[in-house]
Each structure stands twice: as structure tokens, then as C-alpha cells.
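**Q**
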Amino acid sequence: MKEREKLASRLGFIFLSAGCAIGLGNVWRFPYITGQYGGAAFVLIYILFMLLLSGPIMVMEFAVGRGSGKSVAKSFHVLEPAGTKWHIFSYFAMAGNYLLIMFYSTISGWVIAYLYKMLRGEFTGKSSEEIAQIFADLTVDPVQCVFWMIVIVSIGCAVCALGLQNGVEKITKVMLILAIRSVTLSGGGEGIKFYLIPDFNRMREAGIVNAIYAAMGQAFFTLSVGMGGMAIFGSYIGKEHSLTGESVNVVILDTFVALTAGFIIFPACFSYGVDAGAGPGLIFITLPNIFKDMPGGQIWGALFFVFMSFAALSTIIGVFENIMAFGIDLFGLTRKKAVAINFVALIVLSIPAAIGGSVLAWFQPFGPGSAVLDLEDFLVSNCIMPLGALLYLFFCTRNIGWGWKNFLAEANTGKGLRFPAAMYPFVAYILPVIVLVIFVFGIVQKFA
1 MKEREKLASR LGFIFLSAGC AIGLGNVWRF PYITGQYGGA AFVLIYILFM LLLSGPIMVM
61 EFAVGRGSGK SVAKSFHVLE PAGTKWHIFS YFAMAGNYLL IMFYSTISGW VIAYLYKMLR
121 GEFTGKSSEE IAQIFADLTV DPVQCVFWMI VIVSIGCAVC ALGLQNGVEK ITKVMLILAI
181 RSVTLSGGGE GIKFYLIPDF NRMREAGIVN AIYAAMGQAF FTLSVGMGGM AIFGSYIGKE
241 HSLTGESVNV VILDTFVALT AGFIIFPACF SYGVDAGAGP GLIFITLPNI FKDMPGGQIW
301 GALFFVFMSF AALSTIIGVF ENIMAFGIDL FGLTRKKAVA INFVALIVLS IPAAIGGSVL
361 AWFQPFGPGS AVLDLEDFLV SNCIMPLGAL LYLFFCTRNI GWGWKNFLAE ANTGKGLRFP
421 AAMYPFVAYI LPVIVLVIFV FGIVQKFA
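To convert, note that position 121 of the sequence shown is 121 in UniProt numbering; the numbers rise steadily by one, no gaps.
Right, dumping it as C-alpha cells:
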């Protein structure tokens with residue numbers, strides 16, 4: 001039997017796990033919802049939920065992965081008590097990973113396309129209306145969307161074929177340069193105040209309940225827990241260090257990237273009089289307007305979209321690694337065979353989302369303005385991930401599953417921070433209710 005691959009270092013494990021978690025949610029979604037819900041006050045609530053909500057579930061995924069030595073395709077088969085059917089979830093988790101790539105590759109393709117357009121100077125001298133039209137033209141052009149999707153899939157598969165780990169270090173370096181430039185802009189200090197000084201009155205205006213739910217949701221989804229995305233990296237790490245300490249490191253790195261993205265965006269918004277809560281268009285429409293008027297804007301804009309590309313690719317590579325492991329664990333494929341098969345499969349499966357704004361524009365599952373990628377995003381983010389997180393919570397705390405004692409023994413093996421046994425009531429009863437609330441609210445919001 002072939003010995004399972006292992007990561008060369010603890011640092012590689014932390015960066016790869018964080019890379020899977022760090023994505024466009026950190027640098028695209030986090031800044032604009034922070035702007036919508038009051039800046040620093042929202043950030044405080046978000047950090048609290050990161051530690052109390054996502055952190056424990058991440059430890060459980062790592063433990064299941066390391067304890068079984070398998071990806072989610074086989075981890076429950078190895079650990080579940082005889083006669084139980086926990087492994088049925090494995091098939092939903094695998095489907096979730098494929099669904100995630102099916103729409104995420106399209107959005108990531110837009111980011112790569114914007115980097116190309118920024119380098120070519122296509123935004124220079126354009127009016128706000130013309131910049132908005134560039135984005136609209138991109139999303140309704142099937143040739144462009146499919147081409148950039150294939151570029152993303154090709155890069156992700158090439159990296160996995162070589163067995164390389166992603167370059168999160170490069171992301172942080174580029175982000176720091178951009179953050180320093182942004183905070184030194186004229187008027188940037190107001191953006192820093194907005195970002196660092198809590199103003200609960202502003203949050204009250206936006207709706208405290210909505211803000212709390214948004215913080216819970218962002219903390220939950222940013223770490224990609226619930227689909228085995230973290231379990232695969234747990235299966236690659238040795239038992240020298242406890243998993244709670246490793247999870248804390250990943251949470252800190254993930255939060256650092258999200259917070260640094262805010263330092264890039266908010267000072268620039270206040271400097272140029274842009275609404276910080278402008279919504280999803282903040283990245284693709286609003287920020288190019290800022291860069292076109294900024295001295296050296298083409299260079300800074302290109303750097304920003306380089307950083308965005310790294311963020312997108314870090315998640316792509318992390319999820320691809322999980323998908324490749326499915327073929328290796330289930331069918332005994334070599335890494336290169338798994339990559340070759342999935343290269344074709346992922347391109348074919350991703351085409352519907354890529355042409356969802358053009359050829360398949362008639363398909364609007366949630367009403368006017370929705371598209372194929374909205375349906376795929378909904379199935380992953382609002383269904384599979386929260387229900388998967390519930391399953392991990394029950395599997396690691398119930399005797400009919402792997403059980404609390406087995407989970408604690410695996411999580412606390414090695415040097416470092418230990419998972420407190422006293423947290424059992426919280427993770428066994430309170431945390432499942434919180435996750436269930438996120439699930440129900442997500443369903444209600446979508447169909448209301």
C-alpha cells in the first residue's frame with residue numbers, strides 16, 4: 001500500500017490550510033460588508049465569531065483528517081463505528097467541492113481578466129459609466145468567461161500536478177505594500193478611523209441583528225469549514241503538534257489577510273469619496289475608478305489585482321488538492337492521473353457558470369438578476385457547508401459517531417495549545433444551534 005504523502009513542514013501545513021480559507025471572501029466580501037455594517041464595530045464581532053464559531057469546527061475537521069489519514073472521501077469510512085452510515089455525507093462533501101470550483105473558477109477568472117485589463121491600461125481615461133460597462137461586457141461574453149475560467153483551472157491543475165504549495169507569503173507582501181500606499185493617501189486617515197474606531201451607532205443604523213448575522217456568516221464561510229476542505233490538510237500533517245494551536249494559527253492568518261484588505265480599501269474609499277459599503281461592485285467597478293485617477297494608478301491597480309489573483313488561486317489550489325485526493329483515495333490513482341482526469345472534468349463542469357450571464361441568461365433560479373453561479377453558490381454556501389459543519393460537530397461529540405474522547409485524544413496529540421475538555425457543552429449543544437440558525441437564516445433570506 002502506497003504511503004500517504006505528507007507536508008514537508010509545519011509552516012507548509014499552516015500556509016496551505018490558510019490558503020484554502022483565504023480567498024475572495026476575505027478581500028472582496030469582507031471589506032464591503034464591513035462598510036455596510038459600521039466598520040470597526042462589525043470587525044470586533046467578526047473576530048469574536050471567528051474564534052468561537054469557526055475555530056472549533058476547524059479543529060474537528062483537522063482531527064478527522066489526521067485521525068483517518070484520508071480525505072473526506074474516505075475519512076468517515078475509517079472512523080465511523082461499525083454499522084453506522086456517517087460516510088454517506090462523504091458524497092455530498094465531494095459534490096460540494098466540485099460545485100465550489102464550478103462557480104468559483106468563473107469569478108476567479110474575472111479577477112485574472114481584470115489584472116490583464118489593468119496591465120493593458122484599459123481603464124485609463126475611462127468615465128465611471130465606461131468602467132461599469134467593461135465589467136458588464138465581461139460577464140456577458142461567453143468567450144471571455146470560458147477562456148479565463150480555463151486559465152484558472154489550468155493554473156490550479158498545474159500546481160497540483162507539481163505537488164507545490166501555494167504562495168500565501170506573496171499575498172501578504174503585496175498586500176502590505178498596497179496597505180502602506182493606501183493609508184498615506186490624502187484623506188486616508190478618515191478611512192483608518194472608520195476601520196479601527198468602533199461606532200455602534202452606525203451599526204445600529206444598519207440593523208444590529210443583521211450585522212450580527214452577517215458577522216456570523218462571514219466568520220463561518222471564510223474558513224470553508226463543513227466540506228472536508230480542512231480535513232485533507234489534517235491528513236497530510238504529522239502528530240508533533242496539537243491541532244488547536246494549528247487552527248488558531250490558520251484563523252490568525254486568515255483574519256490578518258481580511259483585515260489588511262480593509263487597510264487597502266477603506267483609506268482609498270475615503271480619500272476619493274467612494275461609498276465604503278458599495279456592495280459587490282466595490283472591487284470590479286468602484287476600485288478601478290479610484291485607480292484611474294490615482295497617480296501611478298495603473299501600477300497600483302495592477303498590484304491590487306495581482307494580490308486578488310493570489311487570493312483567488314490560493315483557494316482554487318486548496319480545493320483542487322482536495323478533489324485530487326478523492327481520486328487518489330477512492331480509486332488509487334496516481335496524482336498525475338487524478339489531475340489529468342479532473343482537468344477535463346472541471347473545465348466541462350464549470351462551463352454552465354461561465355456562460356450563465358450569456359448563453360444561459362434565461363436560467364434565473366432565484367428571479368431576475370440571478371444566474372447559474374448563484375444556484376451553485378447557494379447549494380455550497382447555504383446548504384452543504386452548514387449541514388456539513390453540523391455533521392462534524394455531532395460526529396466528534398456523540399458516541400454514535402467518532403465520539404468526544406477520540407476527538408480530544410487526536411486534537412490534543414502533540415505539543416501546543418490543547419482543546420479544552422470543558423468546552424463540551426458549548427460545541428455539543430450551543431454551537432450546533434448557532435450553525436442551524438445560520439442555515440435557516442440563509443434559506444429564509446434567499447427565498448424571501
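Where is the CB? At the ideal position from N, CA and C, for every residue including glycine.
Owing to the predicted nature of the structure, the values given are computational and were not obtained by experimental measurement.
Report back the beta-carbon spacing between E321 and I232 to the nearest angstrom; my notes put them in contact at under 8 Å.
**A** About 6 Å; that satisfies the 8 Å criterion.
**Q** Give the list of continuous alpha helix (DSSP H) stretches no shorter than 4 residues that lie fully inside the segment 282 to 310.
**A** Correct list: 287 to 293.
**Q** Less than 8 Å separating the beta-carbons of V59 and T244?
**A** Yes; because the gap between Cβ atoms is below 8 Å, this pair is in contact.
**Q** Exposed or buried, V168, counting other C-beta atoms within 10 Å across all chains shown (16 or more means buried)?
**A** At V168, the pLDDT of 34 sits below 50, so the modelled position is not reliable and the matter cannot be decided from this model.
**Q** Name the DSSP bridge partner or partners of K85?
**A** Its beta-bridge partners do not exist; DSSP assigns none.
**Q** Look at the Cβ atom of D141, then the Cβ atom of S358, and state whether they are nearer than 8 Å.
**A** Cβ distance < 8 Å, so D141 and S358 count as in contact.
**Q** Cα separation between A311 and I134?
**A** C-alpha separation (whole angstroms): 22 Å.
**Q** Would you call the segment 367 to 379 and the segment 411 to 423 in contact, with 3 or more CB pairs under 8 Å?
**A** The segment 367 to 379 vs the segment 411 to 423: no contact.
**Q** Could you pull out every residue in the same chain whose Cβ sits closer than 8 Å to the Cβ of G125, ignoring the five residues on either side in sequence?
**A** K292.
**Q** Assign R120 to one of two classes, buried (16 or more other C-beta atoms within 10 Å of its C-beta) or exposed (fewer than that).
**A** Exposed, because fewer than 16 other Cβ atoms sit within 10 Å of the Cβ of R120.
**Q** For the structure I just gave you, are there three or more beta carbon pairs, one from the segment 254 to 261 and one from the segment 97 to 109, closer than 8 Å?
**A** The segment 254 to 261, when compared against the segment 97 to 109, does not touch it at the 8 Å Cβ threshold.
**Q** If I measure Cβ to Cβ from A428 and keep anything under 6 Å in the same chain, skipping five residues before and after, which residues do I get?
**A** These residues qualify, in order along the chain: T397.
**Q** By Cβ distance, which residues of its chain are closer than 6 Å to L202, with the 5 residues on each side in sequence left out?
**A** It should be noted that the sequence gives Arg, not Leu, for residue 202. Answer for R202: G38, listed in chain order.
**Q** Which residue marks the beginning of the alpha helix (DSSP H) containing N342, and which one marks its end?
**A** Taken as a continuous stretch (DSSP letters only), the alpha helix (DSSP H) holding N342 covers R335 to A354.
**Q** Given a cut-off of 8 Å on the beta-carbon distance, is the pair L53 and A219 in contact?
**A** Yes, they are a contact pair.
**Q** According to DSSP, what are the bridge partners of K405?
**A** In the DSSP output, where bridge partners are listed per residue, K405 has none listed.
**Q** Any idea if G228 is buried or exposed, counting beta-carbon neighbours within 10 angstroms, 16 or more meaning buried?
**A** So G228 ends up on the buried side.
**Q** Taking buried to mean at least 16 other C-beta atoms within 10 Å of its own C-beta, is R204 buried or exposed?
**A** Exposed, by the Cβ-count rule.
**Q** Looking at the unbroken alpha helix (DSSP H) that takes in Q133, where does it start and where does it end?
**A** Note, Q133: alpha helix (DSSP H), S128 to T139.
**Q** With distances taken Cα to Cα, identify the nearest neighbour of A113 among G234, F284, Q298 and F441.
**A** Checking every option, the nearest Cα to that of A113 belongs to F284.
**Q** Taking all protein chains shown into account, decide if L346 is buried (16 or more other Cβ within 10 angstroms of its Cβ) or exposed.
**A** By the neighbour-count rule (16 or more Cβ atoms within 10 Å), L346 is buried.
**Q** Looking only at its chain, what residues have a beta carbon closer than 8 Å to the beta carbon of A389, apart from the 5 residues adjacent to it on each side?
**A** For A389, where only same-chain residues beyond five positions count, the Cβ hits under 8 Å are I57, F220, V225, G226 and V435.
**Q** Quick one: residues in its chain with C-beta nearer than 8 Å to the C-beta of K446, no 5 flanking neighbours on either side, listed in chain order?
**A** Counting only Cβ-Cβ distances below 8 Å, and skipping sequence neighbours, we find F366, F378 and N382.
**Q** What span of residues does the alpha helix (DSSP H) with G217 cover, start to end?
**A** Note, G217: alpha helix (DSSP H), I208 to T222.
**Q** State the DSSP-derived secondary structure class of K74, mapped to helix, strand or coil.
**A** DSSP places K74 in coil when its eight states are reduced to three.
**Q** Short check: CB of A302 to CB of M149, under 8 Å?
**A** No.
**Q** Which residues mark the beginning and the end of the alpha helix (DSSP H) in which S235 is found?
**A** Segment: none, S235 is in no alpha helix (DSSP H) and carries neither H nor E.
**Q** Going by C-alpha distance, which of F200, M50 and I131 is nearest S247?
**A** If we check each option's Cα against that of S247, M50 comes out closest.
**Q** Within 10 Å of its beta-carbon, does Y46 have 16 or more other beta-carbons around it, so buried, or fewer, so exposed?
**A** Classification for Y46: buried.
**Q** Taking a contact to mean a Cβ-Cβ separation below 8 Å, would you say D329 touches S71 in this structure?
**A** The answer is yes: Cβ separation under 8 Å.
**Q** List the residues that DSSP assigns as beta-bridge partners of K415.
**A** H241.
**Q** Have a look at V433, I430 and L391 and flag the residue whose alpha-carbon is nearest the alpha-carbon of E80.
**A** Here the closest residue by C-alpha is L391.
**Q** For E129, does the count of other Cβ atoms within 10 angstroms reach 16, so buried, or fall short, so exposed?
**A** Exposed.
**Q** Excluding sequence positions up to five away, which residues of its chain have a Cβ less than 6 Å from the Cβ of G109?
**A** Answer for G109: W148, M149 and I152, listed in chain order.
**Q** Residue 460 lies in the alpha helix (DSSP H); which residues open and close that run?
**A** Look at the range of the chain in this structure, 1 to 448, and you will see that residue 460 is not part of it.
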